[in-house]
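Undergrad: Taken in sequence, the protein lines are chains Z and L. Residue 890 in our numbering sits at position 890 of the first sequence; the count goes up by one each step and never skips. Residue 1367 in our numbering sits at position 395 of the second sequence; the count goes up by one each step and never skips. One structure coming up, written as structure tokens, with questions to follow.
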Amino acid sequence: MKRFYKHAWASAALFMLAITAVFAQTTISGKVTDGVSGEPLAGVNIVVKGRVIGTVTDVNGAYTLKVNDAPPLTLNFSFIGFRSQEIEVTNATTAGLDIKMEEQTILGQEIVVSASRAEEAIMQSPVSIEKMDILGVQNTASENYYKGLINMKGLDMTQSSVNFQIINARGFNSTGNTRFVQLTDGMDTQAPALNFPIGNLNGPSELDVESVEFIPGSASALYGPNAFNGILLVNSKNPFEYQGLSAFAKMGVNHIGDSDLNSDGTKIGPGSAKPMYEGAIRYAKAFNNRFAFKVALSYSKATDWYGTNLQDKNAAVNPGYSTNPGADKVHAFGDEVSTNIALLGLNPSFQNSVNAAGLGGYLSSLPNDIVSRTPYNEQYLVDYNAHNFKANVGLNYRITDKVELLYALNYGAGTSVYTGAQRYSLKDFSIQQHKVELKGSNFFLRGYATLENSGDSYIADLTGVLVNRAWKSDNDWFGQYSATYLGALAQQGVAPGQPGSTAQREAAHQAARNAADQGRYAEGSTQFNDAKSKARSSVIPGGSLFDDKTALYHFEGKYDFKNQIDFMDLMIGASYRLYDLNSNGTIFADTAGNDITIQEVGAYVQAAKKFFADKVKLTGSLRYDKNENFKGLVNPRISAVYSPTPNHNIRVSYQSGFRNPTTQGQHINLDVLSYRLLGGLPEYAKAYNIFENAYTVESVNRYTAIVAEKAGKGAYSGSNAGLAIGDPEALRQLTAVTDAKPVTPEKVKAIEVGYKGLLGDRLLFDLVYYHNSYDNFITQVILRQSAGPLDLNATAPTEQNIRNASTLLTPGTDENGRQNSYSAYTNLSKTVSAQGAAIGLEYSLPRGYKVGGNYNWNKLNQELGDGYLSEFNTPEHKFNLTFGNRKVTEKIGFNLAYRWQSGFLWEATFAQGQVPAVGLMDAQVSYKVKAMKSTFKLGGSDLFNKRYVLNYGGPTLGAIYYISVTFDQLMN
Amino acid sequence: MRNSKKYFALAFGMMAAACTYDFPETTEPTAGEADFTKMISVGSGLSTGFMNGALYTDGQDASFVRILAQQMQALGGGTFTQPDVDSEVGCYNPAAGCTAGRLYLKINPTTGAPGPAPKLPGDGGKALAPYSGSANLNNFAVPSTTLLLSLIPQTGGPAIPQNPAYNPYYGRIASTPGVSTIIGDAATAFGNGGTFLTFWLGNDDVLGYATAGASVAVPLTTNDDFTSRYNSALTAMLSASPNAKGVVANIPDVTSLPFFSTVAYNPIPLDAATAGALTSQLAVNYNAFLEGMAANQIITADEAAKRKLTYSAGSNPILINDETLTNLEPYMAGPYAGLKPYAIARQTTKNDLICLTAGSYIGANLGANGVNGVSAPLTNTTSANTQALKGDDLILIPQEITQIQNSISTFNGIIKAAADANATRLAFVDANAILASLKTNGAEINGSTITASISPPFGGFGLDGVYPNARGNGYLANAFIDAINAKFKSSIPRCNPNNFAGNELPVP
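This is the structure in structure tokens:
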């Protein structure tokens, strides 16, 4: 890996030192001023059309540009908030080309590039696209721009940490969104071992964000795998165009009023308001319009939101007690380990110990109750010291007027919390991206590497389990529990063999837990902390630590034939990607000598042509992708835009998209104690022979429930209790699995129709409807194996059924250390569809006031069924309202945003439950002090400190109030 | 690979690299240094699939040798022919005309306790009928074959009372009954293209003696005889096919068989009243007599203490005859005449081993003689007023156990020496250690327990308490597979013993 860095740095250095023969043929200079106030405008961007060469105005609004070409040339003057101007230059020496810029008041004039991978007016985009420009970034009502994206039409956001927001569109959201792609300057920001973007934890710091484009819906036809639900493109500031020093500092506060929070009578949360800090600095400078560099650093720190949900995920199995002895609380860990104590009665060594205690007669009094170990609340196990450091470095060199070479580094590191199948503390992780790119106005060629380091990241749930076990083994704990339970029944005068009344049983459970928990490590005690550190410092599954340094290498290029072909637009592109899995055998089977890699290639072509006096534009794209483990896939997109006038645009599109199984979905090989997680490639199923005598775990659960219910009773009383294992009714519950399809990519077909219109220059109107049809959803099938063949049609218990089914009762490992339970990736062969619509309105009021709003409707048409979670995870109704003016006066601006979403069901492997409806207000006011070139901002998100969650199993969120100051050397 | 792949990717990123990830190669199945084309088996009942007290088709089909041969088929092993008895239940009592078949677990209608009982009727001798396919046999194992019997022609006939060596299971397959020998026939077959030998003889040189309670009816082979006969049999086989490889196994500690652990030393439940009556009517008198004998120095105080009887409510030991005790009959005159049946009696201790066969005699009402094993020393009868044997064949007393174990230890030394002497050709299975471990620790098969007992569902032995059941044979086959694979670097796949039947649950 070191050699790679050297390589990259060497090339960068080489180009910095390179001396190019410059002989200017055209020299242009002048001054740019605000057309209204007459004041000079600093930072105005001036580029030569069809070239990469350009410049920006200095603090006095002055500019000079030398171009290695003879006139005529076209200069484009652009500045955010102002109308762009194109000026033809005909003289080789043009001095005093002074430009007056007019403020842009007409809506919908943005240029977007991502919808068609080429610049086009947002009004004419063939698919839905949203854009947040630099003013939007600066004026967001939320405490940072990324959270402010939630107000975009069609965008859904959820959150699993104060610094980890997850974006999605059009349904099927998740806290690790593998169906969504996020790019920073063209670089995929996913964590390679996880295959999902980690929100704003990497990518440019806020000072370095130039714009954000968001495409709701599939974009695989242009962007390849995983652009399934949508794509977000974050563009950082080019150091040529955005120069100078800028900085900001922010102080905030969260956890206000936390002491009120108690969902089961105990106080959860830090109990008092906690400060938050964030600081950032950016410096960029260009030399002679040829070479430019930038450095942006940012650091933020906060006390994370607490997971406070102590609802019982196992409430369904509570046999009617006021306290469920088998509770599995959402944000308490250790109680994932549970057992049916009736089954313990079948265990010979337990029988012996009970007989020795003189309680043998009570063995059949063991109730058919699930009992879980006593958990620790999340706050003692999850690292809540959220922080995030980001560094962005750019070195740009214009080799010629037409070609620019650049190197970019994006580094993100910190601590956060991620909700997956369990809650994961991403502790001191880091992701670095290095990119080298060569680009012109009609092409680019880039290569980048994403290097992940899981740092000290660990699984919080497993840590709780391991702390419990470090203190007392599960066997001992459940043994003591059950023995005490029987003793407590006897003490209450329950006759041997009788179950006792509900009250007696509940009292016995309480006594049993108290006895088994005797001497348990107290939360926060030295013993607890020692056990916790030990668990967190050894790798999974013996400990809870991840050890992952998986990397991704990506190369791609695009060429636009605009200089060669006139009658239509044509472009081609191709990409190559290499995942280099490197988990040291802690996630994948990539032990020494088994270096697992995954290669993907893709290529696309797009053609567009206008017809009927340019009123109709047809665009067709076709992309081919091939992952070495799956068949090649072709994804088309065809779209038509009908524009009777430039301000009225009707769009229709059809496309397909796909998502590859994640790197884990392909190659995971991880013992997670209750089963072994296996990738969906057929080699894994074969290596572990997982389909031999295998049954679905759901059917096994039904089987054990009946065994537990019947053991010790009727024909299975006394010494015959063990025969219950072969009970014919119980065995009939089992569903054998003899085969499962090796995992393949999941697919979506999407149809979208929309209308974008501008009424009277002031009302922007966007309406869209989509219909998505999904196929081949990637899922996991969990199996448990019997020790040998079973005769499910037996009419009476048989010795073969009893001894072979005995291993079905609990997950475990056999004499050779082989698990009896497996979870393997596969696909569901069921087609489901979803549809939705969105409407957005933006109205430009006089004097710079803007009011806007959007409404979004998303609906899953049918459930997956068959015991599978649909995981649509999206509110059916949602609306956003914004009202703001960045220049109420020269000094004062403000922005208000209100959003509401309906309640919805959140389904995920970690937890399933209702997310209540919530309405939230964000607001900020800003005050500009020109003498200091600074803007002060006072604001709050969730202004009224409403406690809410965005996903079931996520942390409870609340208000954040902040004050910030931003300095910009080039402030106008 | 790693670096070159990355550099390749860096340099030619846009070109789809041809080198894709290859899964680690699973080891190709191989016969290693061995050749499993034609396997010949020589052995005792353990190698025949004899189980539940009989040889019958289902048992033969699950013989560990056949399982082994089936697993070898993945590596070029050929067909494996056994002398099919074509019998559903086999013959439990050859001497009595095969009126009974194999054992099953029957619930005793009066006590409700399950116990082994033969299936009725037997196969009428089908299992003993001559076998026609001897020319193509692979499995020459014969139940109850001592080394001597494997080497002498009398084993095959004639079937006359004067020929105690006659074994109908060899008689039915012998190439020339009365002339040919087991080893001779097997060596011929082995010499005819045999490539692998499974040789497990020697068990019956101990087993018959032990299961007969170490009574003189079946003699224990002497050390010298064992040495010469074992080496002679093995040499005959190995020289028949000089390049073939093979496997030998030693003799399990037969005292660890469930045959000796199924019936406890104290299986007699007594209530307080019965115990009281036995104490006052028998124990008090006998114990007083013993004290007198000790006082008169006829017996030592230790022997007196060892012989004293106690009866109490709960589980009681068995009253037995012990031929190593001083015969006090001469002193049992006058008032003591009534004690004559107890001239060499004592109660069992945990140091005695009770044969499984004793189970059906203990507690039988012997009429005037009392209750068998309770008030009357244990004899092998269940009928009243018969002149019973002394019952020596139902118990192993500590001296006998030591004698048997010493012999086994010596014999195993001889077997190991023979294996070592042919180390390049023979793999060695320590069957002794396998049974010892199974007896003390039990074992697991894919997480499902297997024990050295006859109790379903986890017991690995058939109801005769000597021979493994089908699942036990699978377990045994894996032990042979492991030894062969380790020795010859072959990769015979292990079987899943749970695919085979254990003992059925008791039925009324």
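A virtual CB, placed ideally from N, CA and C, is assigned to each residue, including glycine. Small disclaimer: the values here were computed from a predicted structure and weren't measured.
Against chain L, does THR956/Z count as a neighbour if the rule is that its beta carbon must be under 8 angstroms from one of theirs?
TA: Residue mapping note: residue 956/Z aligns to position 956 of the first sequence, counting from 1. False, the Cβ-Cβ gap to chain L never drops below 8 angstroms.
Undergrad: Could you compute how far the alpha carbon of ALA115/Z sits from the alpha carbon of ALA640/Z?
TA: Locating residue 115/Z in the first sequence gives position 115, counting from the first residue. Locating residue 640/Z in the first sequence gives position 640, counting from the first residue. Their backbone Cα atoms lie some 13 angstroms apart in a straight line.
Undergrad: Helix, strand or coil for ILE1334/L, going by three-state DSSP, please let me know.
TA: As a working mapping, residue 1334/L is identified with position 362 in the second sequence. Residue state, collapsed to three classes: coil.
Undergrad: Looking only at its chain, what residues have a beta carbon closer than 7 angstroms to the beta carbon of GLN733/Z, apart from the 5 residues adjacent to it on each side?
TA: Mapped onto the first sequence, residue 733/Z falls at position 733. Within the same chain, GLN733/Z has close Cβ partners SER699, ARG702, TYR703 and ILE706.
Undergrad: Check each residue of the stretch 796 to 816 of chain Z: if its Cβ is closer than 7 angstroms to any Cβ of chain L, include it; give the result in chain order.
TA: For the stretch 796 to 816 of chain Z, which is checked against every Cβ of chain L, the residues closer than 7 angstroms are PRO797, THR798, GLU799, GLN800, ILE802, ARG803, ASN804, SER806, THR807, GLY812, ASP814 and GLU815.
Undergrad: I believe ALA1330/L touches LEU1368/L by the beta-carbon criterion, under 8 angstroms. Please report the beta-carbon distance rounded to the nearest angstrom.
TA: Stepping through the second sequence from its first residue, residue 1330/L is reached at position 358. Stepping through the second sequence from its first residue, residue 1368/L is reached at position 396. The pair is not a contact, with the Cβ atoms about 11 angstroms apart (cut-off 8 angstroms).
Undergrad: Compute the Euclidean distance between the alpha carbons of LYS250/Z and LEU943/Z, then round it to the nearest angstrom.
TA: Reading the first sequence from its first residue, position 250 is the one you call residue 250/Z. Reading the first sequence from its first residue, position 943 is the one you call residue 943/Z. Cα to Cα, the separation comes out at about 17 angstroms.
Undergrad: Here's the rule I'm using: 16 or more other beta-carbon atoms within 10 Å means buried, otherwise exposed. How should LYS631/Z be labelled?
TA: Numbered from 1 along the first sequence, position 631 holds the residue referred to as residue 631/Z. Exposed is the call here.
Undergrad: Just curious, the alpha helix (DSSP H) that GLU729/Z is in, first and last residue?
TA: Here residue 729/Z is taken as the residue at index 729 of the first sequence, counted from 1. It spans 728 to 732 - the alpha helix (DSSP H) in which GLU729/Z sits, taken as one unbroken run.
Undergrad: For LYS549/Z, which residues in the same chain have their Cβ closer than 6 angstroms to its Cβ, ignoring the five residues on either side in sequence?
TA: Within the first sequence, residue 549/Z is the residue found at index 549, counting from 1. For LYS549/Z, where only same-chain residues beyond five positions count, the Cβ hits under 6 angstroms are ASN453 and ASN582.
Undergrad: So which residues of chain L does ALA715/Z contact, with C-beta pairs closer than 9 angstroms?
TA: Residue numbering aside, residue 715/Z sits at position 715 when the first sequence is read from its first letter. In chain order: nothing, as chain L lies at least about 12 angstroms away.
Undergrad: In terms of residues, what are the limits of the alpha helix (DSSP H) holding TRP976/Z?
TA: Chain Z is shown from 1 up to 972; residue 976/Z falls before or after that span and cannot be answered.
Undergrad: Please return the same chain residues whose Cβ sits closer than 7 angstroms to the Cβ of PRO644/Z, not counting the five positions on each side in sequence.
TA: Stepping through the first sequence from its first residue, residue 644/Z is reached at position 644. Here the set comprises LYS615.
Undergrad: What residues in the stretch 597 to 620 of chain Z have a beta carbon less than 7 angstroms from any beta carbon of chain L?
TA: Flagged, chain order: THR597, ILE598, GLN599 and VAL601.
Undergrad: What does ILE1417/L reach in chain Z if we use C-beta pairs closer than 7 angstroms?
TA: Counted from its first residue, the second sequence places residue 1417/L at position 445. Those are ALA787, listed as they occur along chain Z.
Undergrad: How would you list, in chain order, the residues of chain Z whose beta-carbon sits under 7 angstroms from the beta-carbon of PRO996/L?
TA: Your numbering for residue 996/L matches position 24 in the second sequence. The contacting residues are ASN594.
Undergrad: What in chain Z is Cβ-close to GLU1476/L, meaning under 8 angstroms?
TA: Indexing the second sequence from 1 puts residue 1476/L at position 504. In chain order: THR798 and GLU799.
Undergrad: Quick test of your reading: VAL52/Z and GLU404/Z, contact by CB under 8 angstroms. State the CB separation rounded to the nearest angstrom.
TA: Counting from 1 along the first sequence, the entry for residue 52/Z is found at position 52. Counting from 1 along the first sequence, the entry for residue 404/Z is found at position 404. VAL52/Z to GLU404/Z, Cβ: 4 angstroms. Contact.
Undergrad: Beta-carbon within less than 6 angstroms of PRO1484/L's beta-carbon, same chain only, minus the 5 sequence neighbours each way: which residues are those?
TA: One cannot answer for residue 1484/L here, as it falls past the ends of chain L, which runs 973 to 1480.
Undergrad: What did DSSP end up calling VAL403/Z once you bin it into helix, strand or coil?
TA: Working through the first sequence from its first residue, we reach residue 403/Z at position 403. Three-state DSSP puts VAL403/Z in coil, outside helix and strand.
Undergrad: What is the DSSP secondary structure of THR663/Z, counted as helix, strand or coil?
TA: As a first step, residue 663/Z must be located in the first sequence, where it is residue number 663. The answer is helix: DSSP assigns THR663/Z an H, G or I state.
Undergrad: What residue range is occupied by the uninterrupted beta strand (DSSP E) comprising VAL1028/Z?
TA: Since the first and last residues shown for chain Z are 1 and 972, residue 1028/Z lies out of range.
Undergrad: Only counting the same chain, and skipping five residues up and downstream in sequence, which positions put a Cβ closer than 7 angstroms to that of ARG179/Z?
TA: Residue mapping note: residue 179/Z aligns to position 179 of the first sequence, counting from 1. So the qualifying residues of the chain are PHE172, ASN226, PHE228, ASN229 and ARG659.
Undergrad: Between the stretch 657 to 684 of chain Z and chain L, which residues of the former have a C-beta closer than 7 angstroms to a C-beta of the latter?
TA: Residues passing the 7 angstroms Cβ filter: GLU683.
Undergrad: Should ASN475/Z be flagged as near chain L, meaning a C-beta pair shorter than 8 angstroms?
TA: Stepping through the first sequence from its first residue, residue 475/Z is reached at position 475. False, the Cβ-Cβ gap to chain L never drops below 8 angstroms.
Undergrad: Quick one: using the 10 Å Cβ neighbour count with 16 as the cut-off for buried, is SER473/Z buried or exposed?
TA: On the first sequence, position 473 is the one that residue 473/Z refers to. The residue is exposed, with fewer than 16 neighbouring Cβ atoms inside 10 Å.
Undergrad: Which residue's Cα is closest to the Cα of SER870/Z: ALA483/Z, ALA911/Z and GLY853/Z?
TA: On the first sequence, position 870 is the one that residue 870/Z refers to. Taking only the C-alpha atoms, the option nearest SER870/Z is ALA911/Z.
Undergrad: Using 8 angstroms as the threshold, is the C-beta distance between THR935/Z and SER941/Z below it?
TA: Against the first sequence, residue 935/Z aligns to sequence position 935. Against the first sequence, residue 941/Z aligns to sequence position 941. Cβ distance not < 8 angstroms, so THR935/Z and SER941/Z don't count as in contact.
Undergrad: Can you tell me where the alpha helix (DSSP H) with THR1160/L in it begins and where it stops?
TA: To locate residue 1160/L, count along the second sequence from 1; it is residue 188. It spans 1154 to 1163 - the alpha helix (DSSP H) in which THR1160/L sits, taken as one unbroken run.
Undergrad: List, from N- to C-terminal side, the beta strand (DSSP E) runs of 3 residues or more that fit wholly inside the stretch 221 to 251 of chain Z.
TA: For the stretch 221 to 251 of chain Z, whole beta strand (DSSP E) runs of length 3 or above, ordered along the chain, are 230 to 236.
Undergrad: Closest to LEU763/Z by CA distance: which of TYR485/Z, GLY853/Z and MET921/Z is it?
TA: For the purposes of this step, residue 763/Z is identified with residue 763 of the first sequence, where counting begins at 1. Of the candidates TYR485/Z, GLY853/Z and MET921/Z, the one whose C-alpha sits nearest the C-alpha of LEU763/Z is GLY853/Z.
Undergrad: Quick check: is the beta carbon of ASN1110/L nearer than 8 angstroms to any beta carbon in chain Z?
TA: In the second sequence, counting from the first residue as 1, residue 1110/L sits at position 138. So no, ASN1110/L is outside the interface.
Undergrad: Go ahead and label GLN914/Z buried or exposed: buried means 16 or more other beta carbons lie within 10 angstroms of its beta carbon, across all protein chains shown.
TA: Residue mapping note: residue 914/Z aligns to position 914 of the first sequence, counting from 1. It is exposed - the Cβ of GLN914/Z has fewer than 16 other Cβ atoms within 10 Å.
Undergrad: Counting only Cβ pairs nearer than 8 angstroms, list the residues of chain L close to ALA488/Z.
TA: Within the first sequence, numbered from 1, the residue matching residue 488/Z stands at position 488. Within 8 angstroms Cβ-Cβ: nothing; ALA488/Z doesn't reach chain L, min ~30 angstroms.
Undergrad: For the beta strand (DSSP E) holding GLY1446/L, just list the boundary residues, first then last.
TA: The count along the second sequence starts at 1 and reaches residue 1446/L at position 474. Taken as a continuous stretch (DSSP letters only), GLY1446/L belongs to no beta strand (DSSP E), being part of the alpha helix (DSSP H) at 1442 to 1460.
Undergrad: Cα separation between ALA989/L and LYS626/Z?
TA: Indexing the second sequence from 1 puts residue 989/L at position 17. Indexing the first sequence from 1 puts residue 626/Z at position 626. Interpretation of ALA989/L is limited by its pLDDT of 44, a score under 50 that renders its predicted location unreliable; the figure taken from the coordinates is listed afterwards. Cα to Cα, ALA989/L sits roughly 12 angstroms from LYS626/Z.
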